[in-house]
Amino acid sequence: MGDVKSWVREQVASRVPKADLDQRDPDYIRDQLPRTWLLASLYFRADVAHLDRIPAEGPVLLVGNHSGGNVPPDTFVFTLAFCSYFGVERPFYQLAHNLVVSAPPLGWLRKFGTVAANHENARMALESGAALLVYPGGDYEVFRPSWERHKVDFDGRMGYVKLAREAGVPIVPVASVGGQEAALFLSRGQWLAKLLMTDKLLRLKSVPISLALPWGLNISDLAGHIPLPTKIAIEVQEPIDVDGDDQAVHDKVMGSLQAGVDRLAAKRRFPVIG
Amino acid sequence: MRVERRNVINADRDAVWKIVSDPDRYPSFMTSLERWESANDQPAGVGARYMAHWKIGSVPVGGLIEVVEFDDLRDLAWVGITGISLRGRIRLRDGGKGQTKVTFRLSYQAPGGIWGYIADRVAVRQVGRTTANTLKRLKVLVEAGG
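Residue numbers (the numbering used here), protein chains in the order written: chain A, 16 to 289; chain B, 109 to 254.
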């Protein structure tokens with residue numbers, strides 16, 4: 016059994032492409048912007064506010080709350096907004112789970128600047144002078160039940176504070192709502208992940224259970240789903256300097272994000288419709 | 109896509125030009141303008157560059173623009189350097205009896221082939237409203253004495 020586990024782990028690890036920041040292709044992104052603009056404007060009726068709070072140049076760590084399972088509308092809406100506002104010429108990278116960057120059908124994400132989520136890649140991106148978007152809550156937060164949709168939950172992860180401190184960059188929190196209404200998420204399925212040992216083999220601590228189009232009952236969400244046309248609202252917040260201990264900075268970021276999510280949620284009258 | 113809107117302002121060309129030639133006044137009359145910053149040290153005129161974004165649809169659209177025509181009391185035109193392909197023009201002509209005819213034109217083209225064309229078509233109504241409202245606000249501003 017141990018041999019099988021290590022073989023699977025090696026297979027997955029070997030398929031995770033080494034981060035190559037040069038794979039980001041501004042011309043490709045520019046060509047894709049109209050399509051994403053249509054989707055964001057017509058389907059998700061997105062609204063992105065206060066992009067001016069992001070420092071106009073230099074490296075910056077953008078820290079967001081994550082929603083929407085394996086098809087997170089908040090990520091692509093924010094990427095569109097950032098690229099429209101600062102231009103595709105400003106280097107901008109996003110961290111994503113190993114399985115996302117290693118899936119062959121999602122190879123195009125690397126042209127958008129998506130790299131595998133690990134400390135080394137994140138540091139490399141910031142040291143190159145780029146803006147970097149991270150979702151510390153990762154698969155834990157993105158698969159939270161829909162009734163916790165307005166709760167920011169990083170599961171206590173605060174490696175991003177150390178990252179910002181080492182790179183000497185400010186943290187800009189990015190709060191969003193709406194993504195967790197793209198499907199009805201029922202459970203993170205952490206018990207299922209343990210049962211199937213995906214936590215050890217694939218770094219997947221959740222095998223989520225949801226009701227989603229077109230599958231109906233959707234277990235794992237590995238094949239993705241068609242998100243409901245939920246209204247996405249995003250608020251960029253004031254930068255936070257990393258000048259206290261990790262816990263203090265983390266508390267400040269969490270407080271800022273939760274306050275932003277609460278503000279955006281208060282404006283929402285109905286689920287999905289917004 | 110090309111969008112053009114016109115109106116007549118009850119003021120002479122000097123009064124209108126005083127406002128449209130002053131980059132600091134743009135946020136006060138340009139509708140949906142979400143970002144307007146000077147991008148080089150050039151004074152207002154040919155060669156001056158600005159970061160300009162209008163909220164169209166879900167996100168701010170625009171980029172770096174450069175003034176390419178600055179014809180005193182007549183025409184002010186700019187082109188987009190980054191972002192979508194963009195040309196803009198504000199044109200002033202005598203309207204008689206102390207009036208000024210103002211024309212505001214925006215020509216734009218999104219990249220991305222067929223998707224860019226569809227996005228252009230979808231955006232055109234909002235761009236039309238933005239240009240019309242901009243002229244209305246300019247009229248109010250000028251007629252109130254600038």
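Glycine residues also receive a C-beta, built at the ideal position from the N, C-alpha and C atoms.
What you are looking at is a predicted structure, and each value in this text was computed from that prediction instead of being measured.
Say whether chain A places a C-beta atom closer than 8 Å to the C-beta of Ile-226/B. yes
Locate the beta strand (DSSP E) running through Pro-188/A, then write down its first and last residues. 186 to 192
Give the DSSP-derived three-state secondary structure of Asp-179/B in the structure shown. The three-state secondary structure of Asp-179/B, taken from DSSP, is strand.
Kindly identify the DSSP beta-bridge partner or partners of His-161/B. Arg-143/B and Gly-170/B
Starting from Val-167/A, trace the beta strand (DSSP E) both ways and give me its first and last residue. First-last for Val-167/A: undefined, no H or E at that position.
Of the residues Leu-54/A, Arg-68/A, Val-167/A and Tyr-175/A, which one's Cα is nearest the Cα of Leu-95/A? Leu-54/A
Can you tell me where the beta strand (DSSP E) with Gly-203/B in it begins and where it stops? 193 to 204
Let's test the definition: count the other Cβ atoms within 10 Å of the Cβ of Ile-186/A and tell me whether it reaches 16, buried, or not, exposed. buried
Report buried or exposed for Asn-103/B, applying the criterion of at least 16 other Cβ atoms within 10 angstroms of its Cβ. Absent from the model: residue 103/B. The displayed extent of chain B is 109 to 254, so no value can be given.
Members of the segment 36 to 53 of chain A near chain B, C-beta cut-off 8 Å: Arg-45, Asp-46, Gln-47, Leu-48, Pro-49, Arg-50, Trp-52 and Leu-53
8 Å is my cut-off, CB to CB: does Gly-102/A come that close to chain B? Gly-102/A counts as touching chain B.
Any C-beta of chain A under 8 Å from that of Ala-218/B: yes
Can you check which of these residues, Gly-153/A, Gly-83/A and Ala-71/A, is closest to Met-173/A by C-alpha distance? Gly-153/A
Do you know how far the Cα of Ala-274/A is from the Cα of Trp-206/A? 31 Å
Extract the residue ranges of the beta strand (DSSP E) inside the segment 196 to 253 of chain B, only unbroken runs of 3 or more that lie entirely within it. 207 to 217
Is it true that the CB of Gly-83/A sits closer than 8 Å to the CB of Ala-197/A? Ala-197/A places its beta carbon less than 8 Å from that of Gly-83/A.
Closer than 9 Å at the beta carbon, the chain B residues around Ala-55/A: Gly-165, Ser-166 and Val-167
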